[in-house]
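Structure, as structure tokens:
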Amino acid sequence: MKRVIPFLPWIGALLLIAVALLCYESDLLWKVQQYNLFLDTPLFFREQMLVSGGFLSYVSCYFTQFFYHPWLGVLMLCGWWLLLMWLTKRTFRMADNWAVLALIPVALLLIANMSMGYWHYFMKLRGYFFVPTIGTTVAVAMLWAFRVLPAKLRFVWVVLAAAVGYPLFGIYVLAAVLLMGIWGWRLHGNRSQNAILTVVALLSIIAVPLFCYRYVYYQTHIDDIWTMALPAFVFTESYPLFYIPYCILGGFFLLLALFYQTSPLAKLKH
2 MKRVIPFLPW IGALLLIAVA LLCYESDLLW KVQQYNLFLD TPLFFREQML VSGGFLSYVS
62 CYFTQFFYHP WLGVLMLCGW WLLLMWLTKR TFRMADNWAV LALIPVALLL IANMSMGYWH
122 YFMKLRGYFF VPTIGTTVAV AMLWAFRVLP AKLRFVWVVL AAAVGYPLFG IYVLAAVLLM
182 GIWGWRLHGN RSQNAILTVV ALLSIIAVPL FCYRYVYYQT HIDDIWTMAL PAFVFTESYP
242 LFYIPYCILG GFFLLLALFY QTSPLAKLKH
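What follows is the structure, encoded as structure tokens:
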């Protein structure tokens with residue numbers, strides 16, 4: 002029973018969100034899939050993979066199509082959010098009485114999607130409704146792997162995550178690699194190793210997108226290579242206020258990394 006109790010606030014919150022979406026936004030959700038395209042063909046897959054983060058868009062397009070039946074799409078979206086909360090709790094070893102904080106990323110992702118207004122009709126990022134949720138979930142999963150790996154293997158994981166993850170998931174992997182470079186100082190006490198890890202993370206963030214831009218992709222402008230898979234709120238001019246939920250989301254995980262094992266959020270055992 003004790004293992005179930007931390008999940009009760011999550012389930013309750015997701016039920017409230019699901020009911021609210023279905024009661025008040027079902028028409029919008031149906032329109033989201035109406036403007037979405039997913040084809041189960043090799044050609045469509047190859048077209049998505051022409052840019053960094055294309056695999057993330059491909060998977061997101063697949064899930065977006067289920068909003069044709071809004072209840073089914075909402076069920077899948079809530080399933081992803083439940084997985085994200087579970088991963089957040091396990092990755093940062095949150096105590097049960099602090100597990101409610103794992104709802105913060107879900108709230109921010111919900112705000113990011115539902116505050117777009119008419120951008121739903123102009124958004125060029127395919128699968129944009131699921132992209133932030135799936136991308137964030139993948140990033141947290143990578144951080145979990147980073148934590149459980151031995152200190153000597155974390156250098157390899159940082160480079161591997163950037164080299165393999167960036168073409169598939171874009172900016173979300175770059176953000177995870179940046180957090181790895183910061184989080185390493187909380188996980189290991191060797192300052193020289195931590196400094197090297199931070200340098201490796203920063204170099205990976207800089208070098209991998211540049212390499213992909215120069216030798217892999219040809220449909221991406223150099224100004225966009227570090228923000229691939231992030232919605233572009235630009236229409237004759239930029240609208241940066243729409244990025245606020247994403248900035249707060251990144252800041253939330255940054256705080257979890259900075260205060261890891263130095264606050265009551267963390268347990269004393271793995």
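Its first residue numbered 2, the sequence shown is counted upward by one per residue in this note's numbering. All residues carry an ideal CB built from backbone N, CA and C; glycine is no exception. Predicted, not measured: the structure shown is a model, and the values here were computed from it.
Provide the residue(s) that pair with residue i in DSSP beta bridges, ordered along the chain.
i      : result
Glu238 : Phe236
Do residue i and residue j have their C-beta atoms within less than 8 Å of each other?
i      : j      : result
Phe123 : Phe236 : yes
Ile206 : Ala163 : yes
Leu231 : Tyr247 : yes
Ala1   : Val101 : Lying before the first or after the last residue shown, residue 1 is absent from the chain, which here runs from 2 to 271.
Ala140 : Ala103 : no
Phe64  : Trp31  : no
Leu17  : Cys79  : no
Ile197 : Tyr214 : no
Phe234 : Trp120 : yes
Pro71  : Ser116 : no
Trp11  : Leu83  : yes
Roughly how many whole angstroms lie between the Cα atoms of residue i and residue j?
i      : j      : result
Met95  : Ala202 : 25 Å
Tyr25  : Met143 : 35 Å
Met333 : Asp224 : The question about residue 333 has no answer, for the chain in this structure spans 2 to 271.
Leu23  : Leu109 : 19 Å
Leu204 : Asn195 : 14 Å
Ile183 : Ser53  : 24 Å
Val209 : Val200 : 14 Å
His133 : Leu29  : Note that residue 133 is Pro in the sequence shown here, rather than His. If you take the alpha carbons of Pro133 and Leu29, they lie about 18 Å apart.
Gly55  : Gln49  : 5 Å
Ala267 : Tyr261 : With a pLDDT of 49 at Ala267, under the threshold of 50, the modelled position of this residue cannot be trusted; read the value that follows with caution. The straight-line gap from Cα to Cα measures roughly 6 Å.
Val165 : Leu154 : 16 Å
Gly128 : Phe93  : 28 Å
Leu255 : Val157 : 22 Å
Ser193 : Ile245 : 35 Å
Gly251 : Gly190 : 25 Å
Pro43  : Asn114 : 29 Å
Trp81  : His222 : 31 Å
Leu259 : Arg91  : 16 Å
Met229 : Met77  : 24 Å
Ala21  : Ile249 : 23 Å
Val33  : Val160 : 36 Å
Ser239 : Trp186 : 36 Å
Leu9   : Leu211 : 45 Å
Report, in whole angstroms, the separation of the C-beta atoms of residue i and residue j, which I expect to be a contact under 8 Å.
i      : j      : result
Pro106 : Phe243 : About 17 Å; that fails the 8 Å criterion.
Phe170 : Leu57  : 5 Å
Leu85  : Thr137 : 6 Å
Phe46  : Gln66  : About 15 Å separates the two Cβ atoms, so there is no contact after all.
Cys62  : Asn37  : 6 Å
Arg148 : Leu179 : Going by Cβ atoms, the distance from Arg148 to Leu179 rounds to 15 Å, so no, they are not a contact pair.
Val60  : Ile135 : 6 Å
Using the Cβ count rule (16 or more neighbours within 10 Å means buried), how would you classify residue i?
i      : result
Ile172 : buried
Gln35  : exposed
Pro151 : exposed
Lys125 : exposed
Gly13  : exposed
Tyr219 : exposed
Thr89  : buried
Tyr167 : buried
Gly118 : exposed
Pro241 : exposed
Using 7 Å as the cut-off, classify the Cβ of residue i as near or not near the heavy atoms of the ligand NAP, replying yes or no.
i     : result
Leu78 : No copy of the ligand NAP appears in this structure; indeed no ligand is present at all.
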